[in-house]
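Visitor: Input: one structure, supplied below.
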Amino acid sequence: MTEKMHTNEIKRGMRMLIVGMARSGIAAAELAASLGIVPVINDLKTEDQFAGQLEGLKKLPVEWRLGMKAEEALPGCDALLISPGVPIQSPVVRLARDMGIPVVGELEFAARHKKCAMTALTGTNGKTTTTSLLAHIFASSGVHTVAAGNIGYPMSSAVRETENGDRIVCEVSSFQLETTDAFHPAAAAVLNISEDHLNRHGTMENYMALKRHIFDAQTESDYAILNWDDAACRGMAQGLRGRVLYFSRLSELPEGAYVKDGVITLCVDGCVHDLCREEDLIIPGPHNLENALAAALLAYVSGVAATDIARGLTTFTGVEHRIEFVREKDGVRYINDSKGSNCDSTEKAVLSMKKSTVLILGGSDKGTGFDKLARLIAETKEICHCIVLGETAEKIAKSLADAGYLAVTKAHGMEEAVKTAALMAKSFPCGGNVLLSPACASFDMFRDYEERGRVFKNIVNNL
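Position 126 of the sequence shown, counting from 1, maps to 126 under the numbering used here, and the rest follow consecutively.
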């Protein structure tokens, strides 16, 4: 399933081809140069197309191979580093394998050179919120903490700015787990599992195996944290070397993190700690209660005192693009959930709505179905209208129609979608919401979910 990367074979003085000059590629080049490895910079784009983004690399001993395919740039290199956007089935990886050239992912390469403790987590949904919350808890305890990985800040940058005694909290995607070998967090968690990224991984079995891979380098002294309420997560426990602990929103557990009489509670090694009441959390929704339970348990097994965990839980205000309140105008609340890039995530956003809502959804097709989400929308009285856009508009509209939900409008872009939704929501007698929660990736219209969310917010703020 995953590719053996042999990072230890990449030594000082070697020439390492780095494919893709987005954030992680640039950061990997900077880290490699600091280690005495010669970065060979490659991207299909030419230098002019980067509009100055590579200026910082000009001060480093790098070689430039821009404006060409990666496989054309590989000859003469001793190692290959790929970003998460490069599948392990890509031509350059196959060529490197044939040439006997070691291949590594950015996350694995950087983690091999960290100087401080690392806690990591993955899952289909809630990764960014839980990573941010966990980093906030560590910081609240007085530890210099950097949140890195799939959250948008490269692991290579985090490694360069942390020292012994600091903490890295790493959000890990299935794409990144394709290229890990010895990635070894002392405490790691899988938050939940639902259908996602099948256009890349092919089957749910492959996807689940990749998520479980976060635990594979752990030892008996490490902790593996799993969601008791998620059957797929529970099934991952068998055969893990680390100590398995669970969190649960629905059940009181003999050990782990759970809710008892409305109180978030920890019980580990016979020590019970009542942290705070559910309503003390600022972030809304049952899914965020699950995120809080996971973060609390990860923090506790990583040595954070219960009082510091409680303070962190009750002072965390959430993250951008995840059920983020943007503004209220003319009785309409606008909510940015651009991070909701799969059906399960959008389901959670839908269930968080307490007023009449116009839902904007659609985007790039990830190969998943929308029937389950459509049935939920049809059964949720708060969702009064759906506006669909992007590559998946027709597919979503059909699933909604099959579920008996016909209050659907198609839009040709984000601005049209927002303005149409605003007019509809203004007509609700008691006010309402406009919710962007696309249930899809953004790549058909935007660079990433962050750009999509920013565009939504800009349109809303200019209404």
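The beta-carbon is built from N, C-alpha and C at its ideal position, and this holds for glycine as well.
Nothing here was measured: the structure is a model prediction, and the numbers come from that model.
Using only the alpha-carbon positions, how far apart do Glu47 and Gly67 sit?
Guide: Distance between the alpha carbons of Glu47 and Gly67 is about 8 Å.
Visitor: Going by beta-carbon coordinates alone, are Asp274 and Val263 separated by less than 8 Å?
Guide: Against a cut-off of 8 Å, the Cβ pair of Val263 and Asp274 comes out as a contact.
Visitor: What residue range does the alpha helix (DSSP H) around Asp365 cover?
Guide: Asp365 -> no alpha helix (DSSP H), and no H or E assigned at all.
Visitor: Using 10 angstroms around the beta-carbon of Ile282, count the other beta-carbons present and answer buried if the total reaches 16, otherwise exposed.
Guide: Exposed, by the Cβ-count rule.
Visitor: Mind checking His321: buried by the 16 CB within 10 Å criterion, or exposed?
Guide: Buried, by the Cβ-count rule.
Visitor: Taking 8 Å as the cut-off, does the stretch 304 to 316 touch the stretch 131 to 149 (at least 3 CB pairs, one atom from each stretch)?
Guide: Touching, per the Cβ criterion.
Visitor: Taking 7 Å as the cut-off, is the CB of Thr145 close to at least one heavy atom of the ligand FAD?
Guide: Within the structure as shown, the ligand FAD is missing, as the structure has no ligands at all.
Visitor: Does Pro91 come out as helix, strand or coil in the three-state DSSP assignment?
Guide: Helix at Pro91.
Visitor: Where does Lys410 sit, in a helix, a strand or coil, going by DSSP?
Guide: Reduced to three states, the DSSP call for Lys410 is strand.
Visitor: What are the partner residues of Pro39, as DSSP defines its beta bridges?
Guide: Paired residue(s): Met16.
Visitor: Just how far apart, CA to CA, sit Cys386 and Thr203?
Guide: Approximately 29 Å, taken between the alpha carbons.
Visitor: By how many angstroms is the C-alpha of Arg65 removed from the C-alpha of Phe50?
Guide: About 14 Å.
Visitor: Give me, in chain order, the residues of the same chain whose beta-carbon lies closer than 7 Å to that of Met208; leave out the 5 immediate sequence neighbours on both sides.
Guide: Result list for Met208: Ile193 and Ala232, in chain order.
Visitor: When DSSP labels each residue in this structure, what does Arg167 get in the three-state scheme?
Guide: Strand, per DSSP.
Visitor: What are the residues that DSSP puts in a beta bridge with Tyr258?
Guide: Per DSSP, Thr265.
Visitor: In chain order, what residues of the same chain lie with their CB nearer than 6 Å to the CB of Asn461, ignoring the 5 residues before and after it?
Guide: The answer is none, since no qualifying residue turns up.
Visitor: How is Ile82 classed by DSSP in three states: helix, strand or coil?
Guide: Here Ile82 sits in strand by DSSP.
Visitor: Rounded to the nearest angstrom, what separates Asn206 and Asp216 at their Cα positions?
Guide: About 15 Å.
Visitor: To the nearest angstrom, how far is the alpha carbon of Ala422 from that of Ala374?
Guide: So the two alpha carbons sit approximately 22 Å from each other.
Visitor: The alpha helix (DSSP H) that contains Leu298, what's its start and end?
Guide: Per DSSP, Leu298 belongs to the alpha helix (DSSP H) from Pro286 to Val301.
Visitor: Are the beta-carbon atoms belonging to Ile377 and Tyr334 less than 8 Å from one another?
Guide: Not a contact, by the Cβ cut-off of 8 Å.
Visitor: Where does the unbroken beta strand (DSSP E) through Gly25 begin, and where does it stop?
Guide: Taken as a continuous stretch (DSSP letters only), Gly25 belongs to no beta strand (DSSP E), being part of the alpha helix (DSSP H) at Arg23 to Ser34.
Visitor: Helix, strand or coil for Asn192, going by three-state DSSP, please let me know.
Guide: Note: Asn192 maps to coil in three-state DSSP.
Visitor: Compare the beta carbon distance of Ala417 and Cys343 with 8 Å and say whether it is the shorter of the two.
Guide: It is not a contact, given that the beta carbons lie outside the stated cut-off.
Visitor: Quick check: the stretch 104 to 124 against the stretch 53 to 62, are at least 3 beta-carbon pairs closer than 8 Å?
Guide: Judged by Cβ distances under 8 Å, the stretch 53 to 62 makes no contact with the stretch 104 to 124, as fewer than three pairs qualify.
Visitor: Do you know offhand how far Gly105's Cα is from Ile37's?
Guide: Straight-line Cα distance between these residues: approximately 15 Å.
Visitor: Mapping DSSP to helix, strand and coil, what is Glu324?
Guide: The answer is strand: DSSP assigns Glu324 an E or B state.
Visitor: Between the Cα of Val169 and those of Thr180, Met414 and Pro154, spot the shortest distance and give me the residue it belongs to.
Guide: Cα-wise, what sits closest to Val169 is Pro154.
Visitor: Out of curiosity, what's the CA-to-CA distance linking Ser356 and Ser251?
Guide: If I take the Cα positions, the gap works out to 31 Å.
Visitor: Determine the burial state of Phe325: buried for a count of at least 16 other Cβ atoms within 10 Å of its Cβ, exposed for fewer.
Guide: Exposed: under 16 other Cβ atoms inside 10 Å.
Visitor: Cβ of Lys339 within 8 Å of Cβ of Tyr449?
Guide: In this structure, Tyr449 lies closer than 8 Å to Lys339 by Cβ.
Visitor: Is it right to say Asp481 is buried, meaning 16 or more other beta carbons lie within 10 angstroms of its own, or is it exposed?
Guide: Any answer about residue 481 is impossible in this case: the structure gives the chain only from 1 up to 463.
Visitor: Compute the Euclidean distance between the alpha carbons of Asp444 and Lys395, then round it to the nearest angstrom.
Guide: Distance between the alpha carbons of Asp444 and Lys395: 15 Å.
Visitor: Could you say which of Gly142, Leu44 and Ser24 lies nearest to Val304 if we only look at CA atoms?
Guide: Cα-wise, what sits closest to Val304 is Gly142.
Visitor: Does DSSP put Phe247 in a helix, a strand or coil?
Guide: Of the three classes helix, strand and coil, the one that applies to Phe247 here is strand, per DSSP.
Visitor: Quick one: what's Leu121 bridged to in DSSP?
Guide: Per DSSP, Glu171 and Ala189.
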